[in-house]
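Asks: If you're matching positions, the sequence shown starts at 6 in this note's numbering and goes up one per residue. Just so it is clear, CB atoms sit at the ideal spot from N, CA and C, and this is done for glycine as well.
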Amino acid sequence: MTSTPRRIKNTITVTAAAGIALLLAGCATGGGLYTPDQSPFPAGAKITGRAMGGQNPVNGGVVQLYAVGSGANKSAATALITSASTTRTGGTGTYPVVTNSNGYFSITGDYDCTGNPQVYLTITYGKTIPAATANNSYLGLMAALGSCTALQSTTFINVNEVTTVAGGYVLAPFMGVDYAHVANPNATAVSNAMAMAANLVDSSAGSAPGPALPANTTVTPAGLINSLANAISSCINSDPNSDASLCTTLAGLAKNSGGTAPTDMITAVANIASNPGNNVGTIFNQIPSVGAPFGSPSLSSAPQDWSLSLKYSDASLVAPYGVAIDASGNAWVTNEGGLSVTKIAANGAILSGSTGYTGGGALIGPQGVAIDNNGIVWVANTATNTVVELNGSTGTLVNSFVSVPNLVAPTAIAIDSGNNAWVANLNGNTIVKITSGGGVGTAVSGARSGGSFNQPNSIAVDKGGNIWTSNLGYGNVVEFSNASAELSSTTTGDTDSNTISPAAVVADTTGNSGTNGNVWLASTGTSALDGFNNSGAALAATSYSGGGISAPLGVAIDGSSAVWTTNGVTAGSLSKLAATSGTYAAANPSTGVGGALNTPVGVAVDASGNVWTANSGDNTVSEFIGLATPVTTPLAANVGP
Numbered sequence: 006m007t008s009t010p011r012r013i014k015n016t017i018t019v020t021a022a023a024g025i026a027l028l029l030a031g032c033a034t035g036g037g038l039y040t041p042d043q044s045p046f047p048a049g050a051k052i053t054g055r056a057m058g059g060q061n062p063v064n065g066g067v068v069q070l071y072a073v074g075s076g077a078n079k080s081a082a083t084a085l086i087t088s089a090s091t092t093r094t095g096g097t098g099t100y101p102v103v104t105n106s107n108g109y110f111s112i113t114g115d116y117d118c119t120g121n122p123q124v125y126l127t128i129t130y131g132k133t134i135p136a137a138t139a140n141n142s143y144l145g146l147m148a149a150l151g152s153c154t155a156l157q158s159t160t161f162i163n164v165n166e167v168t169t170v171a172g173g174y175v176l177a178p179f180m181g182v183d184y185a186h187v188a189n190p191n192a193t194a195v196s197n198a199m200a201m202a203a204n205l206v207d208s209s210a211g212s213a214p215g216p217a218l219p220a221n222t223t224v225t226p227a228g229l230i231n232s233l234a235n236a237i238s239s240c241i242n243s244d245p246n247s248d249a250s251l252c253t254t255l256a257g258l259a260k261n262s263g264g265t266a267p268t269d270m271i272t273a274v275a276n277i278a279s280n281p282g283n284n285v286g287t288i289f290n291q292i293p294s295v296g297a298p299f300g301s302p303s304l305s306s307a308p309q310d311w312s313l314s315l316k317y318s319d320a321s322l323v324a325p326y327g328v329a330i331d332a333s334g335n336a337w338v339t340n341e342g343g344l345s346v347t348k349i350a351a352n353g354a355i356l357s358g359s360t361g362y363t364g365g366g367a368l369i370g371p372q373g374v375a376i377d378n379n380g381i382v383w384v385a386n387t388a389t390n391t392v393v394e395l396n397g398s399t400g401t402l403v404n405s406f407v408s409v410p411n412l413v414a415p416t417a418i419a420i421d422s423g424n425n426a427w428v429a430n431l432n433g434n435t436i437v438k439i440t441s442g443g444g445v446g447t448a449v450s451g452a453r454s455g456g457s458f459n460q461p462n463s464i465a466v467d468k469g470g471n472i473w474t475s476n477l478g479y480g481n482v483v484e485f486s487n488a489s490a491e492l493s494s495t496t497t498g499d500t501d502s503n504t505i506s507p508a509a510v511v512a513d514t515t516g517n518s519g520t521n522g523n524v525w526l527a528s529t530g531t532s533a534l535d536g537f538n539n540s541g542a543a544l545a546a547t548s549y550s551g552g553g554i555s556a557p558l559g560v561a562i563d564g565s566s567a568v569w570t571t572n573g574v575t576a577g578s579l580s581k582l583a584a585t586s587g588t589y590a591a592a593n594p595s596t597g598v599g600g601a602l603n604t605p606v607g608v609a610v611d612a613s614g615n616v617w618t619a620n621s622g623d624n625t626v627s628e629f630i631g632l633a634t635p636v637t638t639p640l641a642a643n644v645g646p
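(1) For T169, is the classification buried or exposed, using 16 other Cβ atoms within 10 angstroms of its Cβ as the cut-off for buried?
(2) Kindly indicate which three-state DSSP category S486 falls into: helix, strand or coil?
(3) Looking at S697: is its Cβ nearer than 8 Å to the Cβ of N335?
(4) Pull the bridge partners of E628 from the DSSP assignment, please.
(5) Under 8 Å, do S167 and F110 count as touching if we go by C-beta distance?
(6) In this structure, how does DSSP classify W383 when only helix, strand and coil are distinguished?
(7) Counting only runs of 4+ residues fully inside the segment 272 to 322, write out the alpha helix (DSSP H) ranges in chain order.
(8) With three or more beta-carbon pairs closer than 8 Å as the criterion, would you say the segment 535 to 544 touches the segment 303 to 318?
(9) A542 and S566 - do their beta-carbons sit closer together than 8 Å?
(10) Using 8 Å for Cβ pairs, my map puts G96 next to G65. What's the rounded Cβ distance?
(11) Excluding the 5 residues flanking G530 on each side, which residues of the same chain have their C-beta closer than 6 Å to its C-beta?
(12) Determine the burial state of V636: buried for a count of at least 16 other Cβ atoms within 10 Å of its Cβ, exposed for fewer.
(13) Here's the rule: buried if 16 or more other CB atoms are within 10 angstroms of the residue's CB, otherwise exposed. What is T119?
(14) Ordered along the chain, which non-local residues of its own chain (more than five positions away) have a Cβ less than 6 Å from that of V644?
(15) Who are the Cβ neighbours of L126 in its own chain at under 8 Å, not counting the five residues just before and after it?
(16) Do C240 and Y116 have their C-beta atoms within less than 8 Å of each other?
(17) For S734, which residues in the same chain have their Cβ closer than 7 Å to its Cβ, ignoring the five residues on either side in sequence?
(18) At a cut of 8 Å, does the segment 378 to 398 reach the segment 412 to 419 through at least three beta carbon pairs?
(19) According to DSSP, simplified to helix, strand and coil, what is I86?
(20) Quick one: is A320 near chain B, going by C-beta distance under 8 Å?
(21) Out of P461, S457, N283, F406, which has the shortest C-alpha to C-alpha gap to N432?
(22) Grouping DSSP H, G and I as helix and E and B as strand, with all else coil, what is E166?
(23) May I ask which residues mark the beginning and end of the alpha helix (DSSP H) holding A193?
(24) Does the beta-carbon of S106 have 16 or more other beta-carbons within 10 angstroms, so that it is buried, or is it exposed?
(25) Just reading off the beta strand (DSSP E) that A419 is part of, what are its end residues?
(26) For the beta strand (DSSP E) holding L70, just list the boundary residues, first then last.
(27) According to DSSP, is Y479 helix, strand or coil?
(28) Express the C-alpha separation of N121 and S678 in angstroms, rounding to a whole number.
(29) The ligand FMN and S294: does the residue's C-beta get closer than 7 Å to at least one heavy atom of that ligand?
(30) Go ahead and label G300 buried or exposed: buried means 16 or more other beta carbons lie within 10 angstroms of its beta carbon, across all protein chains shown.
(31) Can you say whether A136 is buried or exposed, counting buried as having 16 or more other CB atoms within 10 angstroms of its CB?
(32) Does the beta-carbon of P325 have 16 or more other beta-carbons within 10 angstroms, so that it is buried, or is it exposed?
(33) In terms of residues, what are the limits of the alpha helix (DSSP H) holding P253?
(34) To which residues of the same chain is G215 closer than 6 Å at the C-beta, ignoring the five residues directly before and after it?
(35) So if DSSP puts F161 in a beta bridge, which residue, or which two residues, is it bridged to?
(36) From what residue to what residue does the alpha helix (DSSP H) around I230 run?
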C-alpha cells in the first residue's frame, strides 16, 4: 500500500495596511534600536512576517521560500512559491507574494513540503526609503528556517539584516553564485546548518543570539553578528538614485574567492563568511556613524577578521587534544589531561555528560581519535599504551587493546576504508595495524618498523590507501604501503629543506590534487607547512609560511583541498593554505583567522563546512561557522583500502 505525499495547502495574500495601521502608530522610522513588531494576520495563514531594513519597512519586496537543493554542492535551490490566485507588483515585476508598505507579508498559498526539505526565506528588491523612485536591486534579506513541515500558522518571521547574517554564515558552504543556488546532497549536513542558525539568531524577533544557543556556549566575537548587520544596513537602507555607491562599495568589498562582486547583500554576507580576512576594516567602516540599527552586543572597533565561532566549555574538557567528526556531524574530542572523550553535537550540545565517556575507566590521557565507517570511535590511549574502541551511539566501551606488542605511547590513529586502524607509536618507533571486522578490532597484523621511524607522532591514510606518518625524531614524513611491509618512500623518509619538529600530517582525499592526493605536514619548528605529492616529492623547495602560521600543531583538509592548520600559541588562531585548480600557493596573511583560541591542537572540518578546534590552553572547543568547503565524514569514507 502506498500513501499520497503530504501537500501543504495555503492561499497567498498580502495583509492590508489598514488592518495594522493602529498597531504601527508611533513606530519609528529613523535611527535607534530596532524593536520587532508581531502584528496579527488573517486566520489560516501558514507563514507571516515582516521585512525590515534596520527600522525601515521593506515596501514591495519580493518574498520567496526556497528549498535547499539536494544536488551537487552549490547547485540550484527550488523556489516553492510559484503560483497564486492573485499577484502583486513588487521588485521589478509581478509576483505571488510581496511586502506591503509597512513591510508585512503573508504566505498562505500553495507550496509543497513533500519530502520535508530544509527551507529558507528571502526578501529581494523593494525599497526602504519612501521617497525613493526606484527599487533597490541590491536589497537582499534572508532567514534560515529549517524543516518545511515545521512551519505553522503561528510562525512569524522578522526578516532583517541580523537574520541575514546568521543565514548567510550557515549556508555559505552550500551557496553558489547567489542566494537561489543553495544545495548539498548531504541532508544531515544541511539540517545541522539550519539548526546552527537557531543558535545564532531568533528569527521570530530578528535578534541575536538565538533561542537554541546552549548554556555552555559563547558566540565569538559577541558583537560580530550585529556589527556586520549594521554594515550591510547601509546598503539595504539606501536610495539607489542618490546613494548607489553605498551598495556598490560594499559589493566590491565582499567579492567571492574568484574575485566576482555580489549583486545582493545575501550573497555578500556569504562571501564575507567564506573569506573573513578580506577588507575587514573597510567593511567595518560601512557601519553608519549615526543611527546604526542594531545595538548591544556590537563591536566598538573592527575585528581581527569576520570569522564567527561558537566556543564550547564543559567540565569534561580537560586539555582537549584531538578532534574527529562522525557521520551525524558530532565532534568527538579527546581529553589529554583527563580520563575521557567528550561528544559534542553539531549545534554544540554536550552529549556525553559532565564526565565525558570514560570507556569504563579504560581512557587515561587519550590523544589521537578517529572514526570508522561503522561509527566506531577509535582512541589512541597514550598514557596506558592501549587503543580503545567506543560505541559511536552510546559511548560505551567496545574493545580495549591492552597487550599489543609495540603499542608504546600511541599518539595518533587513522582509519582506512576497510575500517583498519593504523596507530603511530611515539615511544615504540613503530606503526601498528589493527584489523577490523564488523567494526570491532579482531587482530594485530604486526608492527612496521625498521630504521625509518623515530618518534612517529601523527598518521594519515591517502586516497590510494597508503599510510603516511610524521617522525618527530627525524624531522621527516614516511610513506608506507597498506598492502605490504614495504616503505614507499626512501629509507630516510621525505623532507624539504626546512622540515623541523613535524607535529601533524594529513592526506588530501578530496580528489583535487593528483591520483592519490598531496600530503601536508605541520612543521612546528619552522612555523610552516610542508607539502609532498603522492610519491613523496616536495611540492616546493622550501616550506609554505605566512598567513599567520605560528607553531602549527594540527592540520586538516577541506572539500576544496584547502589546508587548515591550528597555530598552537597562547593567542592561537587558524590559518588557511588555499588550493586553486590543484596548485597550492602560500597562505596570504589576510587569510589568517582567529579570536578566542588558546593553544589550539586538533582541527577537523565537518560536512556543513564548519571548522572545529580543540583548545588545550583554556579547556574549550571552538566551531567556526561556514568557514570551509564541506567534506564527507567520517574521514574513513574518503580514503583508500
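Replies: Straight from the coordinates:
(1) If you number the sequence shown from 1, residue 169 lands on position 164. So T169 counts as buried.
(2) Counting from 1 along the sequence shown, the entry for residue 486 is found at position 481. Here S486 sits in coil by DSSP.
(3) For residue 697 there is no data in the structure shown, the boundaries of the chain being 6 and 646.
(4) Start at 1 with the first residue of the sequence shown, and residue 628 comes out as number 623. E628 pairs with L315, W617.
(5) As a working mapping, residue 167 is identified with position 162 in the sequence shown. As a working mapping, residue 110 is identified with position 105 in the sequence shown. Sequence check: residue 167 is Val here, not Ser. In this structure, F110 does not lie closer than 8 Å to V167 by Cβ.
(6) Locating residue 383 in the sequence shown gives position 378, counting from the first residue. In this structure, W383 counts as strand in the three-state DSSP scheme.
(7) 285 to 289
(8) no
(9) Walking along the sequence shown from the start, residue 566 turns up at place 561. Walking along the sequence shown from the start, residue 542 turns up at place 537. No.
(10) Here residue 96 corresponds to residue number 91 of the sequence shown, with the count starting at 1. Here residue 65 corresponds to residue number 60 of the sequence shown, with the count starting at 1. Indeed, because the Cβ distance is near 7 Å, the residues count as touching under 8 Å.
(11) Taking the first residue of the sequence shown as position 1, residue 530 is located at position 525. Correct list, in chain order: I505, S506.
(12) For the purposes of this step, residue 636 is taken as the residue at position 631 of the sequence shown. Classification of V636: buried, given that the 10 Å Cβ count is 16 or more.
(13) For the purposes of this step, residue 119 is taken as residue 114 along the sequence shown, with counting starting at 1. Exposed, by the Cβ-count rule.
(14) Residue numbering aside, residue 644 sits at position 639 when the sequence shown is read from its first letter. Here the set comprises D421, S422, V466, T514.
(15) Here residue 126 refers to the residue found at position 121 when the sequence shown is read from its first residue. Same-chain partners within the cutoff: I52, G54, V68, Q69, L70, Y71, M147, A148, L150, I162, V164.
(16) The sequence position of residue 240 within the sequence shown is 235, counting from 1. The sequence position of residue 116 within the sequence shown is 111, counting from 1. Against a cut-off of 8 Å, the Cβ pair of Y116 and C240 comes out as no contact.
(17) With the chain running from 6 to 646 in the structure shown, residue 734 is simply not present.
(18) yes
(19) Here residue 86 refers to the residue found at position 81 of the sequence shown. Coil, per DSSP.
(20) Protein chain content of the structure displayed is limited to a single chain, and chain B is not contained in it.
(21) By 1-based counting over the sequence shown, the position of residue 432 is 427. Of the listed residues, the one whose Cα sits closest to N432 is P461.
(22) Sequence index remark: in the sequence shown, residue 166 carries index 161 (1-based). It is helical.
(23) As a working mapping, residue 193 is identified with position 188 in the sequence shown. Looking at the sequence provided, one finds Thr at residue 193 rather than Ala. Taken as a continuous stretch (DSSP letters only), the alpha helix (DSSP H) holding T193 covers 192 to 205.
(24) Residue 106 sits at position 101 when you count from the first residue of the sequence shown. S106 is exposed by the Cβ-count criterion.
(25) Indexing the sequence shown from 1 puts residue 419 at position 414. Here the beta strand (DSSP E) through A419 covers 415 to 420.
(26) Position 65 of the sequence shown holds residue 70. Per DSSP, L70 belongs to the beta strand (DSSP E) from 67 to 72.
(27) For this step, residue 479 is matched to residue 474 along the sequence shown. Coil at Y479, not helix or strand.
(28) Lying before the first or after the last residue shown, residue 678 is absent from the chain, which here runs from 6 to 646.
(29) Summarising the ligand content, the structure contains no ligands, and the ligand FMN is consequently not present.
(30) Working through the sequence shown from its first residue, we reach residue 300 at position 295. Result: exposed.
(31) As a first step, residue 136 is located in the sequence shown; it is residue number 131 there, counting from the start. It counts as exposed.
(32) For the purposes of this step, residue 325 is identified with residue 320 of the sequence shown, where counting begins at 1. The residue in question, P325, is buried, as its Cβ has 16 or more Cβ neighbours within 10 Å.
(33) For the purposes of this step, residue 253 is taken as the residue at position 248 of the sequence shown. Reading off the sequence shown, one finds Thr at residue 253, where the question assumed Pro. Start and end: 249 to 258.
(34) Start at 1 with the first residue of the sequence shown, and residue 215 comes out as number 210. So the list reads A203, N204, L205, V206, D207, once near-sequence residues are dropped.
(35) What you label residue 161 is simply residue 156 of the sequence shown in a count that begins at 1. Looking at the DSSP assignment, F161 forms a beta bridge with T53.
(36) Taking the first residue of the sequence shown as 1, we reach residue 230 at position 225. Start and end: 229 to 241.
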